[in-house]
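Chains A and B, in that order, are what the protein sequence lines are. Using the numbering used here, the first residue of the first sequence is number 444, and each one after it goes up by one. Using the numbering used here, the first residue of the second sequence is number 444, and each one after it goes up by one. All C-beta atoms, glycine included, are put in the ideal place defined by N, C-alpha and C.
2 protein chains.
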Amino acid sequence: MSSPPRSSPLAPKRQRGRDRVEAILAAATTVFGEKSYEAATMTEIAARASTAIGSLYRFFPTKDVLAAAVLERYGARLLHALDELVDRDPPLSPRDAAQGLLDIIQRLRTERSVVLSLLDSGVTLPDGTGTLRKALIGRMSQLLARLGGSPGLHDERAVMLLHLVKAIFALPQDHSVPRPAQDKEAVTVLRLYLEHAVASP
Amino acid sequence: MSSPPRSSPLAPKRQRGRDRVEAILAAATTVFGEKSYEAATMTEIAARASTAIGSLYRFFPTKDVLAAAVLERYGARLLHALDELVDRDPPLSPRDAAQGLLDIIQRLRTERSVVLSLLDSGVTLPDGTGTLRKALIGRMSQLLARLGGSPGLHDERAVMLLHLVKAIFALPQDHSVPRPAQDKEAVTVLRLYLEHAVASP
DNA sequence: CTTTTATGCGAGACAGTCCTCGCATAACCG
DNA sequence: CGGTTATGCGAGGACTGTCTCGCATAAAAG
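In structure tokens form, the structure reads like this:
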């Protein structure tokens, strides 16, 4: 048999530990959002969480695990928001869907950069649901199914849609362009593509 | 006055050196294309170029300089292709422009990943033309101007267009989707957006 | 209080990376 | 041929980053 079900030494057992984990996750979110996975350092994350490096490693045994924990938390938030959009009771029009996607992206503004930074970084989710990328493509496929169009192309179009969403996620990095104009163009791109997906064979 | 015009110790003076530089640039292109700027190592680049680490540093004094040299070479290629597209003699239709952009992206398949990897990596071009990002946005703006539409929105739309092109550059990383279907969707996205830019106020 | 468990801490082991330096070799020049 | 210059080389210095380990402290349990 495998290892006995001993209590994991990683999970905090007391409130103090839980608070510390929270601070660490917050700091990690900031740092992973500012730099790439490789450029982010455990030392800086510990410093921003006002904790010692040893305390960080008490709860997160490796950098991978820490990144996965961050990705799981905010990835789940993103997936949940998408599920809500897909299951909305009056069936969606392409226009509504485009606006809904943009709303989700804007609501997650804080965690936007960290999701973006970790999405392509080979960091896998801890639960067995596969990568966040796969989960997102699945949601996009569901969205396309809800809207109609030829089901045979949903997989291809879901990938394209994910890339469009990623591009819009990344848009706010261009400080040169005023935000309202950016948003208008973003929702236009989404709407045009969704309308095309519904209308075309 | 600044430093005397002594011959730079960096540029190769003989054919042997020029060949070596070529091999180094080729290896660097591969490695920077496979990994991010930070994850790529000078040691691996030297190994792939079948050269010693000391020889690498003889021609490229820092990792930054090497990356900038790679980016300059392939960035220039990309910019030149875009100039050709913009200046085409029968004025472009949105449909032609979309197809032209896709053709460029596909023709540069080899250097695609390295441009993508270094574009957002803070690596600046050696010549004073600013970052590759700025240069690309300028080209996109020119393209929109050639096509028509309201000039007041060209800047905003150029940024959006650059992101779309970047997304399509990144598309082939999804091996799950067959290539022809991806290409069809890619050109559709570009065409829809360009037609919108021409038609809308 | 005493015992046990959870948490806090940071010096430092270990590995990897960028880059230097001095010497060896090859190519060109008179 | 000898002299000069360009190029090739890799051990190792200096630094940084991940992660370990043993002990100190705090808190709960008995």
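*What's the call for A/R622, buried or exposed, on a 16-neighbour Cβ count within 10 Å?*
exposed
*Taking B/S560 as the reference, which of B/L633, B/G573, B/F612, B/G592 has the closest Cα?*
B/F612
_Where A/Q625 meets chain B, residues with beta-carbon distance less than 8 Å_ = E599, V602, M603
*Beta-carbon gap between B/V632 and A/Y636 smaller than 8 Å*: yes
_Does B/S560 come out as helix, strand or coil in the three-state DSSP assignment?_
helix
*Of all the options A/K577, A/R634, A/R555, A/G592, which has the alpha carbon lying nearest to the alpha carbon of A/Q542?*
A/R634
*Exposed or buried, what is A/I496 when buried is set at 16 or more other beta-carbons lying within 10 Å of its beta-carbon?*
exposed
*Cβ pair A/R516, A/L568 closer than 8 Å*: no
*Is A/T574 helix, strand or coil by DSSP?*
coil
*Going by CA-CA distance only, name the one from B/G476, B/A454, B/L521, B/F502 that's closest to B/L551.*
B/L521
*In whole angstroms, what is the alpha-carbon distance linking A/D598 and A/T574?*
16 Å
*Which residue from A/I547, A/T572, A/A482, A/L525 puts its Cα closest to that of A/R582?*
A/L525
*For the segment 583 to 593 of chain B and the segment 503 to 511 of chain B, state whether three or more C-beta atom pairs, one from each stretch, are separated by less than 8 Å.*
no
_On a Cα-Cα basis, can you pick out the residue from A/G565, A/I548, A/T494, A/M485 that is closest to A/H523?_
A/I548
*According to the neighbour-count rule (16 or more other Cβ atoms, all chains shown, within 10 Å of its Cβ), is A/S593 buried or exposed?*
exposed
*Would you say the segment 482 to 502 of chain B touches the segment 460 to 474 of chain B, given that touching needs at least three Cβ pairs under 8 Å?*
yes
*asked:* Using a 10 Å radius around the Cβ and a threshold of 16 neighbouring Cβ atoms, would you call B/P448 buried or exposed?
replied: Per-residue confidence for B/P448 stands at a pLDDT of 33, beneath the threshold of 50, marking its modelled position as unreliable; no derived number is given.
*In this structure, does DSSP put A/S584 in helix, strand or coil?*
helix
*Which residues in the same chain as A/Q625 place their Cβ atom closer than 6 Å to its Cβ, once the five residues preceding and following it in sequence are excluded?*
L614
*Residues within the segment 477 to 509 of chain B neighbouring chain A, beta-carbon criterion of under 9 Å*: K478, S479, Y480, E481, A482
*Closer than 8 Å, CB to CB, is B/T631 near chain A or not?*
yes
*Cβ of B/A642 less than 8 Å from any chain A Cβ?*
no
*Going by the beta-carbon positions, is the gap between A/D514 and A/V566 smaller than 8 Å?*
Note that residue 514 of chain A is Leu in the sequence shown, not Asp. In contact: A/L514 and A/V566 (Cβ atoms closer than 8 Å).
*Classify A/G476 as buried or exposed, calling it buried when 16 or more other Cβ atoms lie within 10 Å of its own Cβ.*
buried
*Starting from A/L646, find everything on chain B with Cβ-Cβ shorter than 7 Å and list it in chain order.*
Residue numbering for chain A in the displayed model covers 444 to 644; residue 646 of chain A lies beyond these limits and cannot be assessed.
*asked:* For a contact defined as C-beta to C-beta under 7 Å, what are the partners of B/E628 on chain A?
replied: E599, R600, M603
*State the CB to CB distance for the pair A/P537 and A/E628, rounded to an integer number of angstroms; the pair is presumed to be in contact (CB under 8 Å).*
Going by Cβ atoms, the distance from A/P537 to A/E628 rounds to 16 Å, so no, they are not a contact pair.
*For A/V474 versus A/E465, is the C-beta spacing smaller than 8 Å?*
no
_Within-8 Å CB hit, B/V620 to chain A_ = yes
*If you draw a straight line from the C-alpha of B/L544 to the C-alpha of B/P534, how long is it?*
15 Å
*Return helix, strand or coil for B/K456, following the three-state DSSP convention.*
coil
*Min CB distance A/R449 to chain B below 8 Å*: Interpretation of A/R449 is limited by its pLDDT of 36, a score under 50 that renders its predicted location unreliable; the figure taken from the coordinates is listed afterwards. With 8 Å as the cut-off, A/R449 does not count as an interface residue toward chain B.
*Consider the Cβ of A/A610: report whether some Cβ of chain B lies at a distance smaller than 8 Å.*
yes
*Under the three-state reduction of DSSP, which class applies to A/L627: helix, strand or coil?*
Here residue 627 of chain A turns out to be Lys, not Leu, going by the sequence shown. Looking at A/K627 - three-state DSSP - the assignment turns out to be helix.
*What residue from A/G595, A/R600, A/L596 has the CA that sits closest to A/L579's CA?*
A/R600
*Go through its chain and collect everything with a Cβ distance to B/P455's Cβ below 6 Å, but skip five positions before and after it.*
R461, V464
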